[in-house]
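Protein chains: 2
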Amino acid sequence: MPVLVMKFGGTSVANLDRIRRAAKRVGVEVAKGYDVIVIVSAMSGKTNELVGWVDEISPLYDAREYDAVVSSGENVTAGLMALTLQEMDIPARSWQGWQVPLITTSAHSAARIEEIPTDNINQKFAEGMKVAVVAGFQGISPEGRITTLGRGGSDTTAVAFAAAFGAERCDIYTDVDGVYTTDPRICSKARKLDKISFEEMLELASLGAKVLQTRSVELAMRYKVKLRVLSSFEEQSDAAGTLVCDEEEIMESNVVSGVAYSRDEAQMTLLSVADRPGIAATIFGALSDAGVVVDMIVQDISEEGRTNMTFSLPVDQVKRAEKAMNEIKGVALNFDVLQIEPDVAKVSVVGIGMRSQSGVAAKMFKVLSDEGINIKVITTSEIKISVLIERKYMELAVQALHDAFELDKAA
Amino acid sequence: MPVLVMKFGGTSVANLDRIRRAAKRVGVEVAKGYDVIVIVSAMSGKTNELVGWVDEISPLYDAREYDAVVSSGENVTAGLMALTLQEMDIPARSWQGWQVPLITTSAHSAARIEEIPTDNINQKFAEGMKVAVVAGFQGISPEGRITTLGRGGSDTTAVAFAAAFGAERCDIYTDVDGVYTTDPRICSKARKLDKISFEEMLELASLGAKVLQTRSVELAMRYKVKLRVLSSFEEQSDAAGTLVCDEEEIMESNVVSGVAYSRDEAQMTLLSVADRPGIAATIFGALSDAGVVVDMIVQDISEEGRTNMTFSLPVDQVKRAEKAMNEIKGVALNFDVLQIEPDVAKVSVVGIGMRSQSGVAAKMFKVLSDEGINIKVITTSEIKISVLIERKYMELAVQALHDAFELDKAA
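Listed in order, the protein sequences are those of chains A and B. The first sequence begins at 281 in this note's numbering and counts up one residue at a time. The second sequence begins at 281 in this note's numbering and counts up one residue at a time.
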């Protein structure tokens, strides 16, 4: 029998009615002849409640106990889903992470999956079981302790099961009906994409994070797992939602697939830094040691042995970065002034079509210029162009770029 | 190091404040030099919520999935208790049933404990851990599925751990401060007992059920585990609560230790049954098949080959019993009339002193007679005398017997 993996997020199993609705969706796939592996999250709100208790007891908690506590929500929904399916006369049983066993590293609360043995579940399929319900987000360490995969980890569980069982597809049921060309709350013309490539999905992380955990997309790309994102709140046809897949499977696509943004950025510039080998390592080593996550980096052309170094970072890390720079000033580093611009945002256009078609960057810069928006920093990758602009222009920039690249129209 | 087992029920871990209070009690015992095994229930209300969901989904649920769902509450409190102890600088970690592993039979939702290996936890004690926090109520079947021990099963978990680890004592922390001579809500003179024997505790089940699961008392008696029942809501001295122990350890005791009652009983009488061999087996076999739990049985002296058969049963099983009797009437059984008295109650006096001192029964009957209470049925065991009386006299009977046997005064 072909295997299908179906993952239901917290809002899709928030109460018994929603669990029944999800179970009906599973029943539809079973009727088509699939052996189904269902991955469930905790009922929405439950994990937050458990995390809140742990935080209240112990701000610097033992991550092994944290994992033992917060993994319990998924066990409840796994059992309830199995019972609901049985009530529909569909042979089903639940598995907790340690029962599979889904073996992970010992990095508690951020564990990585090492191995998913398939014998146990495949034997039950062979004996006539139609649905294996697996508690998402959790696993077991080599020491026999319960681990969790980090928030949103159930998506990663689902993709890992799809890879291990050679599933035909991994369907991620959530509270949105797919991946959009941009955030519909910012741009009313945002359009749902029928298909998107793994690479684009990763670059659209700032949009995609709301839909799919980034690690699950990386894993799907590595193991060529067809991922589908769709809503559990609507009646679905087979073509519903967004398919995240290999780019070869996307026949036609726009040059640009989406416009992403990141609102709360800041920009820092070190003016007149001595331009000598190792200076970048000194600056960014100190920032890394201070726990600052630097995104874009630009170094000006050197003049008379001195240069300016500009970088962007999350706005809530500015104080830490400023402290780190002032601590090494005059010791490991000389610069004149530290300029800080706390009110910037990042806007990006993403598309695999950019590989074969030039002029995207030029068009993007002209669109922004026509709107009177000044570009502060530019970075590019093979399939993405990002610019740092003043935050107040962010919505305007997203809308203008969405229009200019005609993202409201399908390819 | 001597080992102490401490069990905290649902009301004693109902929220983070109560968990902190319980952890402080554990800290006191650790400071005395004990290695402590803490058994926790789920936060009060949690298990009922989970059971409610299972019942709503599936009235005839798969008990394996029921167990997987309802066992999750204990996992949460075990982790939270371990974190709370760690925060007090007491080395602690949590164990779920399958991690111990606490091996049980496969009788899901009513499993019996088969084995508790001690190596794993003892090794951690040897490495400096001071407290092992174990999720109560749950275990693992030989098939690797999660099992539960039935409601109140955490008491049984606690006693089983005390037996396996040769604990000095098993302290059951609950919301009452011990075992009373009778129910204080019925008799204001009820007195807390300092000590009670295992045998008496078992006979006082109708009182004790509110305090201790009957199975836990049986297990404690078999393995000679000293059980102490005490309140987690009061500051405790070492002498607090009630010690349930071997009768040899009770130097002095009243002839009668307590007065127990069971309010919702009914009495049925089959008039003029043919008195021939096998007739009792026919009647009580049919009742057992119908799921009726019969308590007291009395057969009148036979006259002219016919007799009357009287028995008591829970009042909510009367309809089922009536149906079962009418179904075999004229087929396997002949009787004239089926008399039903739905408004009766059972009152019992219990005491190991009755073994060596006669006259308890006579005194009991006189006390009831003096109050004008008619006795319908009598049964006796070595340490207990029970009578069935009209329900409206129950409180009066309990109070009169409590006074007559001077249970308000210590021995």
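We put the beta carbon where it would ideally sit given N, CA and C, even for glycine. These figures come from a predicted structure and were not determined experimentally.
- Taking C-alpha positions only, residue 288 of chain B is separated from residue 370 of chain B by approximately 18 Å.
- In this structure residue 427 of chain A touches residue 421 of chain A by the C-beta definition: roughly 5 Å separates them, less than 8 Å.
- With fewer than 16 other CB atoms across the displayed protein chains lying within 10 angstroms of its CB, residue 672 of chain B is exposed.
- Pairing residue 667 of chain B with residue 627 of chain B gives a Cβ-Cβ distance under 8 Å.
- Residue 581 of chain A and residue 549 of chain A have their C-alpha atoms roughly 14 Å apart.
- Taking 8 Å as the CB threshold, residue 660 of chain A stays off the interface with chain B.
- Taken in chain order, the complete beta strand (DSSP E) segments of 3 or more residues contained in the stretch 558–582 of chain A are 577–579.
- The Cβ atoms of residue 358 of chain B and residue 316 of chain B lie no closer than 8 Å to each other.
- One alpha carbon belongs to residue 604 of chain A, the other to residue 349 of chain B, and they sit about 49 Å apart.
- In this structure, DSSP gives residue 417 of chain A a state outside helix and strand, which the three-state scheme calls coil.
- Close to residue 379 of chain B, with beta-carbon spacing below 7 Å, are these residues of chain A in chain order: 424.
- A distance of 8 Å or more separates the beta carbons of residue 389 of chain A and residue 453 of chain A.
- Measuring C-alpha to C-alpha distances from residue 333 of chain B to each of A:600, A:477, A:293 identifies A:293 as the nearest.
- Taking a C-beta cut-off of 7 Å against chain A, the contacting residues of the stretch 284–317 of chain B are 296, listed in chain order.
- Shown here for residue 423 of chain A: same chain residues with a beta carbon closer than 8 Å to its own, the five before and five after excluded, namely 386 in chain order.
- Taking C-beta separations shorter than 7 Å and ignoring five residues to either side along the sequence, the partners of residue 362 of chain A in its chain run 372, 373, 374, 413, following chain order.
- For residue 588 of chain A, the enclosing beta strand (DSSP E) covers residues 586–594.
- Residue pairing for residue 452 of chain A: DSSP places it in a beta bridge opposite A:287, A:509.
- Counted as a single uninterrupted DSSP element, the stretch harbouring residue 378 of chain A is not any alpha helix (DSSP H), since DSSP gives it neither H nor E.
- Annotation: the stretch 312–338 of chain B contains the following complete segments of the beta strand (DSSP E) (minimum length 3 residues), in chain order: 315–320.
- In the assembly as shown, residue 329 of chain A is an exposed residue. Its beta-carbon has fewer than 16 other beta-carbons within 10 Å.
- Secondary structure note for residue 346 of chain A: its alpha helix (DSSP H) is the uninterrupted segment 343–350.
- Using a CB distance cut-off of 8 Å, residue 337 of chain A counts as an interface residue toward chain B.
- In the three-state DSSP reduction, residue 549 of chain B falls in the strand class (E or B).
- Rounded to the nearest whole angstrom, the C-alpha separation of residue 300 of chain B and residue 502 of chain A is 47 Å.
- Residue-level contact check: residue 359 of chain B touches chain A, since one or more beta carbons of chain A fall below 8 Å from its beta carbon.
- With respect to chain B, the C-beta atom of residue 342 of chain A has a partner C-beta closer than 8 Å.
- In the assembly as shown, residue 611 of chain A is an exposed residue. Its beta-carbon has fewer than 16 other beta-carbons within 10 Å.
- Linking residue 499 of chain A to residue 496 of chain B through their CA atoms gives a straight-line distance of about 50 Å.
- Exposure of residue 649 of chain B is indicated by the presence of fewer than 16 other C-beta atoms within 10 angstroms of its C-beta.
- The beta carbon of residue 356 of chain A sits closer than 8 Å to some beta carbon of chain B.
- For residue 482 of chain B, the closest alpha carbon among the candidates B:449, B:540, B:472, B:407 is that of B:540.
- When the Cα atoms are used, residue 621 of chain A and residue 344 of chain B turn out to be separated by approximately 59 Å.
- Under the 10 Å beta carbon count, residue 664 of chain A is surrounded by 16 or more other beta carbons and is classified as buried.
- Under the criterion of beta carbons closer than 8 Å, residue 505 of chain B and residue 450 of chain B qualify as touching, at roughly 5 Å.
- DSSP places residue 297 of chain B within a helical segment (H, G or I) once states are collapsed to three.
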